[in-house]
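Asks:
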Amino acid sequence: MTITEVKDKTSKKAFLNIARIIYKNDKTWVCPLDNDIEAVFDPAKNNFHQDGKCTRWILTDHNNQLIGRVAAFINNKKAYHYEQPTGGMGFFECIDNQDAAFLLFDTAKKWLQDNGMQAMDGPINFGENDNFWGLLVEGFTHPSYGMNYNPIYYKAFFESYGFKTLYEQITNHLDVHKPFSERFTKIANWVIQKPGYDFRHFKVKEMEKFAADFIDIYNDAWRDFDNFVPITHATIAESFEKMKPLMDEKLIWFAYIDDEPASFIIILPDANQMLKPLNGKLNLIGKLKFLYYRWKGVSRMRAIVMGTKQKFQKHGLESAIFIKLKEYVLPLKQYDELELSWVGDFNEKMIAIHSAVGATFGKKHLTMRYIF
1 MTITEVKDKT SKKAFLNIAR IIYKNDKTWV CPLDNDIEAV FDPAKNNFHQ
51 DGKCTRWILT DHNNQLIGRV AAFINNKKAY HYEQPTGGMG FFECIDNQDA
101 AFLLFDTAKK WLQDNGMQAM DGPINFGEND NFWGLLVEGF THPSYGMNYN
151 PIYYKAFFES YGFKTLYEQI TNHLDVHKPF SERFTKIANW VIQKPGYDFR
201 HFKVKEMEKF AADFIDIYND AWRDFDNFVP ITHATIAESF EKMKPLMDEK
251 LIWFAYIDDE PASFIIILPD ANQMLKPLNG KLNLIGKLKF LYYRWKGVSR
301 MRAIVMGTKQ KFQKHGLESA IFIKLKEYVL PLKQYDELEL SWVGDFNEKM
351 IAIHSAVGAT FGKKHLTMRY IF
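Those letters in the sequence shown? Residues 1 to 372, per full-length UniProt numbering, in order.
#1: Only counting the same chain, and skipping five residues up and downstream in sequence, which positions put a Cβ closer than 7 angstroms to that of Y154?
#2: Is L59 near L16, with beta carbons less than 8 angstroms apart?
#3: Taking the beta carbon of S263 as the centre, do at least 16 other beta carbons fall within 10 Å, making it buried, or is it exposed?
#4: Could you tell me the boundaries of the beta strand (DSSP E) in which L174 lies?
#5: Find out if the Cβ-Cβ distance for the pair A101, G88 is shorter than 8 angstroms.
#6: For P230, name the three-state secondary structure that DSSP assigns.
#7: Quick one: what does DSSP say T55 is sitting in, helix, strand or coil?
#8: Determine the direct distance from the alpha carbon of F312 to that of E238, and round the result to whole angstroms.
#9: Could you tell me which residues DSSP pairs with C94 in its beta bridges?
#10: Taking all protein chains shown into account, decide if F126 is buried (16 or more other Cβ within 10 angstroms of its Cβ) or exposed.
#11: What is the residue span of the alpha helix (DSSP H) that M207 lies within?
#12: Exposed or buried, G116, counting other C-beta atoms within 10 Å across all chains shown (16 or more means buried)?
#13: What are the uninterrupted segments assigned as beta strand (DSSP E) that are 3 or more residues long and contained completely in the stretch 74-128, given in chain order?
#14: Let me know the secondary structure DSSP gives A320 once reduced to three states.
#15: Taking the alpha helix (DSSP H) that H62 belongs to, which residues open and close that run?
#16: What residue range does the beta strand (DSSP E) around D198 cover?
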């Protein structure tokens, strides 16, 4: 087997095509957009390059056939928050061959060691954890846009190599036609009517204001979690720009108390229902297909992230936001399911919210660590 670092157009194309080879007979898989993956490795499109570095490799067999790939990266803002300096590996794809998988892991490990790391987390992304993050181990159903999907045999590769689970990422599904409980609805309606409480849906023309409000809420809500690194304006501005083609303004809601940003939920139509026929190619034909399938509509939504400032976390704001969403979604007669993805097993408050709205288990991913 031969490992080759990706450094030119030919190897970049091969890196993308490996996934198409691995999943060519898997009807459930949805090919991520080539543009989305390439953007991760482009310093002009991913601001994480300002405080980090990354590289990637492809693997071929003795017949020069593509059989695997992997990437490794170091986020200097996070790497030194742990007991040992920790980098990351991701975008792992491999045929069902342990020797090939271990060679890919070894390659990522050596590069990280050469750059001062003593451990690697994986499979993760060189960016925020809302995309390309985690190893799928339960719920091998239609993946939502940005959510990792992989063959069932990957788990054995990671465990046999020595990766240990850091935390589980739980994704739950909500039937939008199922009524909320009477108690939930009563509390939510009471919150909506409270003086000084205001609920506003996102507006693209006010993107800068909502980006600032998002940062204000997010950095307060997550500040006490282990190894938390505050989100920056550059990161959220980049994320909002990427979401613009998919946005439905009335699926993104913010709550305010006396005009202070207090809570939010970011929901997008599930682009994978639109993108599946494109096989990762958003060329001119791909764009026309995308517009056609978007016009036809989709039946699933994905909640990417929710957050509430700590001082407002027992005010029932999340319940009220779900009522506002339902008031908009039900009359459309378009959406059937909302995917609430993903919540860490350490986030008890968010798990409780999922339970309160009546969501049921959908998927489980693992974020794993290998200490050198």
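Cβ atoms here follow ideal geometry from the backbone N, Cα and C, with glycine treated the same way.
All figures in this text were calculated on a predicted structure; none of them were measured in a lab.
Replies: In short, the structure shows the following:
#1: Within the sequence shown, residue 154 is the residue found at index 154, counting from 1. Once the five neighbours on either side are set aside, the close Cβ partners of Y154 are L135.
#2: Working through the sequence shown from its first residue, we reach residue 59 at position 59. Working through the sequence shown from its first residue, we reach residue 16 at position 16. Taking 8 angstroms as the Cβ cut-off, L59 and L16 do not qualify as a contacting pair.
#3: On the sequence shown, residue 263 is found 263 positions in, with the first residue counted as 1. The residue in question, S263, is buried, as its Cβ has 16 or more Cβ neighbours within 10 Å.
#4: Taking the sequence shown and counting its residues from 1, the one referred to as residue 174 is at position 174. Element bounds for L174: 164-175.
#5: Here residue 101 refers to the residue found at position 101 when the sequence shown is read from its first residue. Here residue 88 refers to the residue found at position 88 when the sequence shown is read from its first residue. Contact flag unset, no.
#6: Residue mapping note: residue 230 aligns to position 230 of the sequence shown, counting from 1. Residue state, collapsed to three classes: coil.
#7: If you number the sequence shown from 1, residue 55 lands on position 55. Reduced to three states, the DSSP call for T55 is strand.
#8: Start at 1 with the first residue of the sequence shown, and residue 238 comes out as number 238. Start at 1 with the first residue of the sequence shown, and residue 312 comes out as number 312. E238 and F312: Cα-Cα distance of roughly 27 angstroms.
#9: Residue 94 sits at position 94 when you count from the first residue of the sequence shown. According to DSSP, which records beta bridges pairwise, C94 is partnered with G68.
#10: Sequence index remark: in the sequence shown, residue 126 carries index 126 (1-based). Buried is the call here.
#11: Position 207 of the sequence shown, counted from the first residue, corresponds to residue 207. Its alpha helix (DSSP H) spans residues 207-221.
#12: In the sequence shown, counting from the first residue as 1, residue 116 sits at position 116. The residue in question, G116, is exposed, as its Cβ has fewer than 16 Cβ neighbours within 10 Å.
#13: 86-94, 119-122
#14: Counting from one through the sequence shown, the residue named residue 320 turns up at place 320. In this structure, A320 counts as helix in the three-state DSSP scheme.
#15: By one-based count along the sequence shown, residue 62 stands at place 62. Segment: none, H62 is in no alpha helix (DSSP H) and carries neither H nor E.
#16: Within the sequence shown, the letter at position 198 stands for residue 198. 197-201 is the span of the beta strand (DSSP E), which, as asked, contains D198.
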